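Residue numbers (the working numbering): 76 to 311.
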């Protein structure tokens with residue numbers, strides 16, 4: 076696959092299994108950080124880290140990727156970017172990672188096909204927890220261990236799995252601060268949820284909705300999607 080060109084950087088993606096996609100670009104443009112240390116868990120090509128480096132000029136960003144081919148590609152993408160001095164890649168699993176404490180942790184985690192996930196939940200919720208949530212639970216466990224005092228976690232997932240992850244996050248003692256419903260086309264149900272949690276409750280979490288495309292006749296990109304990604308995608 077060809078390299079993916081953004082307005083300020085290029086993502087080389089010839090070796091990584093996970094290519095540049097809508098989920099990663101949404102999260103990279105949406106997640107908010109008030110501090111200066113950011114961690115990208117499961118970096119892949121490094122897309123999230125690169126987008127956050129562009130947005131937060133004072134942030135030092137670390138990225139963890141266990142797949143050696145993807146890690147090598149991410150390292151090259153970091154080196155070729157304008158923010159090479161603020162980006163670090165660690166080719167290892169999350170379980171053995173403990174470089175620093177972070178104000179924001181982001182992840183575009185792997186997930187099961189929605190039909191498979193829904194079927195498992197319908198059959199036995201306890202079974203679903205054990206068979207489908209291990210990676211979610213590990214992500215939460217290690218995020219909590221890597222948080223700075225006011226650290227936050229932001230993820231994107233299909234709607235059903237995002238709501239399930241939210242239950243786990245609440246059980247782990249986190250509080251929802253921000254939520255965004257992503258709708259692929261006007262009139263459709265939300266396809267993805269972007270969620271961000273903190274360690275302290277807030278009176279009213281921020282909620283928003285982003286629609287990718289309008290309806291017929293032309294299915295043009297909606298203003299909310301354009302506004303979110305106008306600093307990144309060449310088409311805007």
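Just so you know, even glycine gets a beta-carbon here, dropped at the ideal spot from N, CA and C.
Computed from a predicted structure; not experimentally measured.
Quick one: residues in its chain with C-beta nearer than 6 Å to the C-beta of residue 144, no 5 flanking neighbours on either side, listed in chain order? 90
Between which two residues does the beta strand (DSSP E) holding residue 107 run? Here residue 107 belongs to no beta strand (DSSP E), and DSSP marks it neither H nor E.
Does DSSP classify residue 99 as helix, strand or coil? helix
Could you tell me whether the Cβ atoms of residue 175 and residue 140 are closer together than 9 Å? no
Tell me the DSSP secondary structure of residue 253 in three-state form. strand
Endpoints, beta strand (DSSP E) assigned at residue 222: 222-233
With distances taken between CB atoms, is the gap from residue 169 to residue 230 smaller than 9 Å? no
Where residue 115 falls, given that 16 or more other Cβ within 10 Å makes a residue buried: buried
Return the residue from the list 120, 97, 132 that minimises the CA-CA distance to residue 109. 132
Which residues in the same chain as residue 226 place their Cβ atom closer than 6 Å to its Cβ, once the five residues preceding and following it in sequence are excluded? 177, 178
Out of curiosity, what's the CA-to-CA distance linking residue 156 and residue 100? 17 Å
Kindly indicate the opening and closing residues of the beta strand (DSSP E) around residue 267. 267-273
Taking the alpha-carbon positions, what's the residue 250 to residue 219 distance? 12 Å
Extent of the continuous beta strand (DSSP E) run through residue 164: 162-165
Residue span of the beta strand (DSSP E) that contains residue 173, given as start and end: Here residue 173 belongs to no beta strand (DSSP E), and DSSP marks it neither H nor E.
What would DSSP say about residue 239, mapped onto helix, strand or coil? helix
In terms of residues, what are the limits of the beta strand (DSSP E) holding residue 112? 112-116
Every unbroken alpha helix (DSSP H) inside the stretch 116-159 [4 residues or more]: 122-130, 143-155
Cβ pair residue 124, residue 136 closer than 9 Å: yes
Could you tell me if residue 106 is buried or exposed, where buried requires 16 or more neighbouring beta carbons within 10 angstroms of its beta carbon? buried
Alpha carbon of residue 82 to alpha carbon of residue 310, nearest angstrom: 9 Å
Helix or strand or just coil, what does DSSP make of residue 318? This structure does not reach residue 318, given that the chain is present from 76 up to 311, and the question cannot be answered.
Please report how far the alpha carbon of residue 308 lies from the alpha carbon of residue 182, in whole angstroms. 20 Å
By the three-class DSSP mapping on this structure, what secondary structure does residue 208 have? Residue placement at residue 208 is poorly supported in this model, since its pLDDT is 36, which falls under 50; the coordinates still yield a value, given next. DSSP places residue 208 in coil when its eight states are reduced to three.
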